[in-house]
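Step one of this worksheet: look at the structure below.
Residue numbers (the numbering used here): 15 to 329.
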């Protein structure tokens, strides 16, 4: 029987950000529960946990809900530090590279997919309204109606990003920072993993000329995803309702937010899918913010967000 402290990942198999977390499970050889959520709105079994946050993946541990890949991976590393996703001993550098990977690198490939002549040409299972859903989700980053004319610029930027990988792999190393896989690899894998499934013609153009990249992809694929066990969404909601959130860490008096614990706040992604989540501030760290909220289906939960990439204001 699943326990309230088990790792529960809300995701869908075609989600590239979720693949990063699944590979972390593989690197650490962890057991986890898989809850498949819709790839596009509506998401009736996810929103009760997150309060409106619509992205996947979401990590649930009892009544604590962790949003955004960067925070999810940091929490898994905290709980299960060995083997580390920082095998070269440079956690700050690897985490900082997330701003590159989740920003200009990802936006480049998503733009190519949204403007591609052959989206969905790969073997993927997604709802018919997925493309329209993503148009709305990414509207703060680009105008999808104007993308085709701009594809040469996105392709030349993708080639420049890809050259970073080639420079790292040029000496024959197995992974980007040495002989063991880590978070830097997972950052960089996002784009080839995504394009091979969502815009395969662009993926072939971008990566097939470089056999060292294909070999690197294959090595990462062999890591696997740890031990996965499927769980029904309703069961995950029941676990949240039957659990008690972890004690709040509190708010430091010198936190630049200058918002006291117990204050109603709104947390909103600042890049895309800008859906606000409202709750009561219960904790902050240098990297994260935690809010308490209630929902009839799950009772009281605490939702955790990273500070980078999110706006936190008084409600």
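We put the beta carbon where it would ideally sit given N, CA and C, even for glycine. Please read all numbers here as calculations on a predicted model, not as lab measurements.
Next item on the list: Pick helix, strand or coil for residue 103, following the three-state DSSP scheme.
Entry: coil
Next item on the list: Go to residue 8, then tell me how far its beta strand (DSSP E) extends in each direction, as first and last residue.
Entry: There is no way to answer for residue 8, as the model of the chain reaches only from 15 to 329.
Checklist line | Backbone CA spacing between residue 208 and residue 30 [nearest angstrom] | finding: 6 Å
Item checked: Buried versus exposed call for residue 34 [16 or more other C-beta atoms within 10 Å across all chains shown] -> buried
Next item on the list: Kindly indicate which residue of 67, 187, 203 and 219 has the alpha-carbon position closest to the one of residue 170.
Entry: 219
Next item on the list: Let me know the secondary structure DSSP gives residue 302 once reduced to three states.
Entry: strand
Item checked: Of the residues 269, 318, 271 and 285, the one placed nearest residue 292, counting alpha carbons only -> Closest by alpha carbon: 318.
Notebook entry, point to check: In chain order, what residues of the same chain lie with their CB nearer than 7 Å to the CB of residue 264, ignoring the 5 residues before and after it?
Noted result: 275 and 297
Checklist line | Within the segment 36 to 118, ranges of the beta strand (DSSP E) (whole runs, at least 3 residues) | finding: Fully enclosed beta strand (DSSP E) runs of 3 or longer: 45 to 50, 72 to 75 and 78 to 81.
Margin query: Buried or exposed for residue 150, going by 16 or more other Cβ atoms inside 10 Å?
Written below: By the neighbour-count rule (16 or more Cβ atoms within 10 Å), residue 150 is not buried but exposed.
Note to self: Just to confirm the assignment, what range does the alpha helix (DSSP H) spanning residue 313 have?
What the structure shows: That residue, residue 313, is in no alpha helix (DSSP H); its beta strand (DSSP E) goes 313 to 320.
Check: With 16 other CB atoms within 10 Å as the buried threshold, where does residue 172 fall?
Finding: buried
Item checked: With 16 other Cβ atoms within 10 Å as the buried cut-off, status of residue 180 -> Exposed, by the Cβ-count rule.
Check: Counting along the chain, where does the beta strand (DSSP E) carrying residue 194 start and finish?
Finding: Here residue 194 belongs to no beta strand (DSSP E), and DSSP marks it neither H nor E.
Next item on the list: In the DSSP assignment, find the unbroken beta strand (DSSP E) run with residue 283 in it and report its ends.
Entry: 278 to 283
Next item on the list: Provide the residue span of the alpha helix (DSSP H) that contains residue 28, from first to last.
Entry: Run containing residue 28: none; DSSP gives neither H nor E here.
Item checked: Counted within 10 angstroms of its Cβ, other Cβ atoms place residue 199 as buried (16 or more) or exposed -> buried
Item checked: Where residue 289 sits in the DSSP three-state scheme -> coil
Notebook entry, point to check: Would you call the segment 187 to 196 and the segment 232 to 243 in contact, with 3 or more CB pairs under 8 Å?
Noted result: Proximity of the segment 187 to 196 to the segment 232 to 243 meets the contact definition, three or more beta-carbon pairs being nearer than 8 Å.
Check: With residue 22 and residue 47 assumed to form a contact (beta carbons below 8 Å), what rounded beta-carbon distance in angstroms separates them?
Finding: 5 Å
Next item on the list: On a CA-only basis, which of 146, 246, 165 and 53 is nearest residue 71? Give me that one, please.
Entry: 53
Next item on the list: Tell me, to the nearest whole angstrom, how far the beta carbon of residue 125 is from that of residue 161; I am working on the premise that it is less than 8 Å.
Entry: 6 Å
Next item on the list: Enumerate in chain order the residues of its own chain whose CB-to-CB distance from residue 101 is below 6 Å, with the five nearest sequence positions on each side excluded.
Entry: 194 and 196
Checklist line | Bridge partners - residue 231, DSSP secondary structure assignment | finding: Answer by DSSP bridge pairing: none, since residue 231 is not bridged.
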